[in-house]
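Encoded as structure tokens, the structure appears first; notes follow it.
Chains as they are written, first to last, in my numbering: chain A, 2 to 180; chain B, 165 to 404.
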């Protein structure tokens, strides 16, 4: 499926076309389940979250029209934000589970071709300009949706230090992205 | 640490707050604040969107994992079990959800939903190039319009979002291309929506993404062919 095909499915979903919604689910649910599972670290929780994510997609599909995101990125953003809201509302995950799942970022697969273009090279290039541990914190925060509190604990620094640290990294990123 | 110390007032803390929201590091209460602002503030929503775009390549790190077969039926039960598939009911659902959205976002979505629907009734057209959208607003003015330029039909559709014209006055729409003098596109008819036909000469300039502006003029439009009153709203066309 090309991004354009997925755009069509989202638009038809916004017109309450159930066949399009079914196809959209078939085409994208594996990616969005991957997002939920990575953030939530719990299958039951991730299944529940995925249901809620697709309920949101059905009701909010119109909003895609006013977004600058590619269709896949827009869907991923809905799933990520929902999963992160959900994990924030939940108790803090045990540190050892977190560490056990702390695998290296896989090399971009075919999916990256859909998600990324020049923008992809830019963000990776800009992350490379940060110190290694800070770039890792940004990537980790993005993929796992870790909170400032969790990051502070893992890096063994006070919460405010962590926040200052990450904000500086974000400002450097912004500067680099705008260059 | 304050936002001002980190950013300087000219950059504002909003962009960084948007970045923190997108990255996912904020605690629940701050995420809720951000989420409300996305719904109510177009400017903030754009900042969030910008960071989503910047960081979206990182999502390549998420694996694809097939969810269990029970999930989709559960979604359908949540969405469709209590309603029959009557088209009238579905329409009501769409419009009641539209009513929930506020301000410019609501106008944008409504207008775009109509415009985007068209290609799917006909064979697909070249969608990104032929539909440009501009949000028209200006500091110190409550006049806001959403403009959608439809190249295929040679017209600009305007949704009136807010701000009334004074009695005995009219709003006039102008196209500004580069440093050239504004070109009048006509007086904007009163009402919540209006369509203005675009001359062939203006079509190409619009397609390249000109700026649209609204000025306050005497009834019937500018007597000079150039804006005589204040510009009450402006914005540039961008593709969607």
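Ideal Cβ positions, reconstructed from N, Cα and C, are used throughout, including at glycine. Computed from a prediction, not measured in an experiment: that's the story for all the values here.
(message) To the nearest angstrom, how far is the alpha carbon of residue 99 of chain A from that of residue 39 of chain A?
(response) Below a pLDDT of 50, predicted positions are generally treated as unreliable, and residue 99 of chain A, at 45, falls in that range; the measurement from the model is reported next regardless. The straight-line gap from Cα to Cα measures roughly 10 Å.
(request) Give the secondary structure of residue 412 of chain B by DSSP, where H, G and I count as helix, E and B as strand, and everything else as coil. (result) Missing from the structure shown is residue 412 of chain B; chain B here goes from 165 to 404 and no further.
(request) Please list, in chain order, all residues of the same chain as residue 129 of chain A whose beta carbon is under 8 Å from its beta carbon, the five residues on each side excluded. (result) The residues are 136.
(message) Spatial neighbours of residue 83 of chain A within its chain, please: C-beta separation below 7 Å, excluding the five flanking residues on both sides.
(response) Closer than 7 Å at Cβ, skipping near neighbours: 50, 53, 54 and 57.
(request) Please state whether DSSP places residue 70 of chain A in a helix, a strand or coil. (result) Residue 70 of chain A: coil per DSSP, three-state reduction.
(request) Could you pull the start and end residues of the beta strand (DSSP E) that residue 303 of chain B belongs to? (result) Run containing residue 303 of chain B: none; DSSP gives neither H nor E here.
(message) Classify residue 30 of chain A: buried if its beta carbon has 16 or more other beta carbons within 10 angstroms, exposed otherwise.
(response) By the neighbour-count rule (16 or more Cβ atoms within 10 Å), residue 30 of chain A is buried.
(request) Please list the partners that residue 125 of chain A has in chain B, where partner means a Cβ-to-Cβ separation under 8 Å. (result) 221, listed in chain order.
(request) Establish whether the CB of residue 308 of chain B and some CB of chain A are separated by less than 8 Å. (result) Not closer than 8 Å to any Cβ of chain A, the Cβ of residue 308 of chain B fails to qualify, so no.
(message) If the criterion is Cβ atoms closer than 8 Å, does the pair residue 352 of chain B and residue 319 of chain B meet it?
(response) For residue 352 of chain B and residue 319 of chain B, no; Cβs fall outside 8 Å.
(request) Taking only beta-carbon positions, decide if residue 20 of chain A is within less than 8 Å of chain B. (result) No, residue 20 of chain A does not count as interfacial toward chain B.
(request) Compare the beta carbon distance of residue 380 of chain B and residue 399 of chain B with 8 Å and say whether it is the shorter of the two. (result) Their beta carbons are not under 8 Å apart, which means residue 380 of chain B does not touch residue 399 of chain B by this criterion.
(request) Report buried or exposed for residue 110 of chain A, applying the criterion of at least 16 other Cβ atoms within 10 angstroms of its Cβ. (result) Caution is warranted here: a pLDDT of 45 is assigned to residue 110 of chain A, below 50, making its placement in the model unreliable, and no coordinate value can be reported.
(request) Please list the residues of the region 157 to 180 of chain A that have a C-beta atom closer than 9 Å to any C-beta atom in chain B, keeping them in chain order. (result) Listed by position along the chain: 161, 163, 164, 165, 167, 168, 169, 171, 172, 174, 175 and 178.
(request) Can you tell me which of the three DSSP states residue 382 of chain B falls into? (result) Looking at residue 382 of chain B - three-state DSSP - the assignment turns out to be strand.
(message) Let me make sure I understand the geometry here. Which of B:302, B:403 and B:232 has the alpha-carbon closest to that of residue 395 of chain B?
(response) Selected option, being the one with the closest Cα: B:302.
(request) Specify the secondary structure class of residue 399 of chain B as computed by DSSP and reduced to three states. (result) Strand, per DSSP.
(message) Going by the DSSP bridge assignment, what does residue 312 of chain B pair with across the sheet?
(response) The partner list for residue 312 of chain B (beta bridge, DSSP) reads B:297 and B:321.
(request) Would you list, in sequence order, the uninterrupted alpha helix (DSSP H) runs of no fewer than 4 residues that lie entirely inside the region 167 to 238 of chain B? (result) Entirely contained in the region 167 to 238 of chain B, the alpha helix (DSSP H) runs reaching 4 residues are, in chain order, 167 to 171, 178 to 187, 192 to 204 and 206 to 219.
(message) Taking only three categories from DSSP, how would you classify residue 10 of chain A?
(response) If DSSP states are grouped into helix, strand and coil, residue 10 of chain A belongs with the helices.
(message) So, for residue 293 of chain B: in the same chain, excluding its five sequence neighbours on each side, which residues have a beta-carbon less than 6 Å away from its beta-carbon?
(response) Confidence in residue 293 of chain B is poor, its pLDDT being 48 and thus under 50, which makes the residue's placement too unreliable to answer from.
(request) Would you kindly check if the distance between the Cβ of residue 125 of chain A and the Cβ of residue 221 of chain B is under 8 Å? (result) For residue 221 of chain B and residue 125 of chain A, yes; Cβs fall inside 8 Å.
(message) Spatial neighbours of residue 11 of chain A within its chain, please: C-beta separation below 7 Å, excluding the five flanking residues on both sides.
(response) So the list reads 25, 62, 65 and 72, once near-sequence residues are dropped.
(message) Quick check on residue 254 of chain B - is its C-beta less than 8 Å from some C-beta in chain A?
(response) Only weak support exists for where residue 254 of chain B lies, its pLDDT of 41 falling under 50; the value from the coordinates is given anyway. Residue 254 of chain B counts as touching chain A.
(request) Report the three-state DSSP secondary structure of residue 326 of chain B (helix, strand or coil). (result) Looking at residue 326 of chain B - three-state DSSP - the assignment turns out to be strand.
(request) Could you have a look at residue 245 of chain B and say whether DSSP puts it in helix, strand or coil? (result) Here residue 245 of chain B sits in coil by DSSP.
(message) Does residue 128 of chain A come out as helix, strand or coil in the three-state DSSP assignment?
(response) In the structure shown, residue 128 of chain A falls within a helical segment according to DSSP collapsed to helix, strand and coil.
(request) Kindly indicate which three-state DSSP category residue 139 of chain A falls into: helix, strand or coil? (result) Under the three-state reduction of DSSP, residue 139 of chain A is assigned to helix.
(request) Please classify residue 237 of chain B: is it buried, with 16 or more other beta-carbons within 10 angstroms of its beta-carbon, or exposed? (result) The residue in question, residue 237 of chain B, is exposed, as its Cβ has fewer than 16 Cβ neighbours within 10 Å.
(request) Consult DSSP for residue 32 of chain A and reduce its assignment to one of helix, strand or coil. (result) Residue 32 of chain A falls in the helix class under three-state DSSP.
(message) Please confirm whether residue 87 of chain A has its beta-carbon closer than 8 Å to some beta-carbon of chain B.
(response) Residue contact with chain B for residue 87 of chain A: absent (no Cβ-Cβ distance below 8 Å to any residue of chain B).
(message) Just checking: is the beta-carbon of residue 200 of chain B within a distance shorter than 8 Å of some beta-carbon in chain A?
(response) No, residue 200 of chain B does not count as interfacial toward chain A.
(message) Using a Cβ-Cβ distance cut-off of 8 Å, determine whether residue 140 of chain A contacts chain B.
(response) Yes - at least one Cβ of chain B is within 8 Å of the one on residue 140 of chain A.
(request) Apply the 10 Å Cβ neighbour rule to residue 363 of chain B and answer buried if 16 or more other Cβ atoms are within range, or exposed otherwise. (result) Classification of residue 363 of chain B: exposed, given that the 10 Å Cβ count is below 16.
(request) With 9 Å as the limit, tell me which residues of the region 31 to 46 of chain A have their beta carbon closer than that to any beta carbon of chain B; keep them in chain order. (result) The residues in question are 31, 32, 33, 34, 35, 36, 37, 38, 39, 40 and 44.
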